[in-house]
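Numbering (UniProt numbering), first residue to last: 1 to 104. Even glycine gets a Cβ: it sits at the ideal position worked out from N, Cα and C. Quick caveat, the model's predicted, so the values are computed rather than measured.
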Amino acid sequence: MEIVTGRSPVDYSRPAGEMNLVDWFRGRVASQLGEELLDPKINERPSSRALKRVLLVCLRCIDMDASKRPKMSQIVHMLEADDFPFRKVSISLLCVEVKSSIEL
Numbered sequence: 001m002e003i004v005t006g007r008s009p010v011d012y013s014r015p016a017g018e019m020n021l022v023d024w025f026r027g028r029v030a031s032q033l034g035e036e037l038l039d040p041k042i043n044e045r046p047s048s049r050a051l052k053r054v055l056l057v058c059l060r061c062i063d064m065d066a067s068k069r070p071k072m073s074q075i076v077h078m079l080e081a082d083d084f085p086f087r088k089v090s091i092s093l094l095c096v097e098v099k100s101s102i103e104l
């Protein structure tokens, strides 16, 4: 969810309804505003099918019932597909985030 949205789990600089990533994410999905969830730094926009897939995976990961949340291996399996652009992007963003953390 953090990679897809480009947001931190908690961001106190945002308005009250947007501080908590999980709550904000759920609200956007419920309002059918999935496109607004995407990090603007992601140049390649996913197909509607890929976007739906990633949103559904994210929702499963934040299920209120922890026993229903998928394991990491299941998440990888759900996201693997030819039309899913976040695999390349997420690796690049992760490398940038790790590098930034090391420099701090």
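- Could you pull the start and end residues of the alpha helix (DSSP H) that GLN74 belongs to? Position 74 of the sequence shown holds residue 74. Looking at the DSSP string, the run of the alpha helix (DSSP H) that includes GLN74 is 72 to 79.
- Message: Relative to the C-alpha of VAL76, which candidate in VAL57, GLU36, SER67 has its C-alpha closest?
- Response: Start at 1 with the first residue of the sequence shown, and residue 76 comes out as number 76. Nearest C-alpha to VAL76: VAL57.
- Item | alpha helix (DSSP H) segment containing SER8, residue limits | Along the sequence shown, read from residue 1 onward, the residue named residue 8 stands at position 8. Premise fails: SER8 is in no alpha helix (DSSP H) and is neither H nor E.
- Item | Three-pair Cβ contact test at 8 Å for the stretch 57 to 71 versus the stretch 1 to 16 | Segment contact: the stretch 57 to 71 against the stretch 1 to 16, three or more CB-CB distances shorter than 8 Å; contact assigned.
- Query: Apart from the five residues just before and just after ARG28, which ones in its own chain have a Cβ nearer than 6 Å to its Cβ?
  - Reply: Start at 1 with the first residue of the sequence shown, and residue 28 comes out as number 28. If we look at ARG28 and ignore the five residues flanking it on each side, its Cβ neighbours are GLU36, LEU37.
- Query: Leaving out five residues before and five after LYS72 in sequence, what residues of the same chain have Cβ atoms less than 7 Å from its Cβ?
  - Reply: Position 72 of the sequence shown holds residue 72. It should be noted that the sequence gives Met, not Lys, for residue 72. Counting only Cβ-Cβ distances below 7 Å, and skipping sequence neighbours, we find nothing.
- Message: Distance check for ALA16 and VAL10, CA to CA, integer angstroms please.
- Response: By one-based count along the sequence shown, residue 10 stands at place 10. By one-based count along the sequence shown, residue 16 stands at place 16. Straight-line Cα distance between these residues: approximately 11 Å.
- Through-space distance from GLY6 to GLY34, alpha-carbon basis: Taking the sequence shown and counting its residues from 1, the one referred to as residue 34 is at position 34. Taking the sequence shown and counting its residues from 1, the one referred to as residue 6 is at position 6. Near 14 Å, if we compare the C-alpha coordinates of GLY6 and GLY34.
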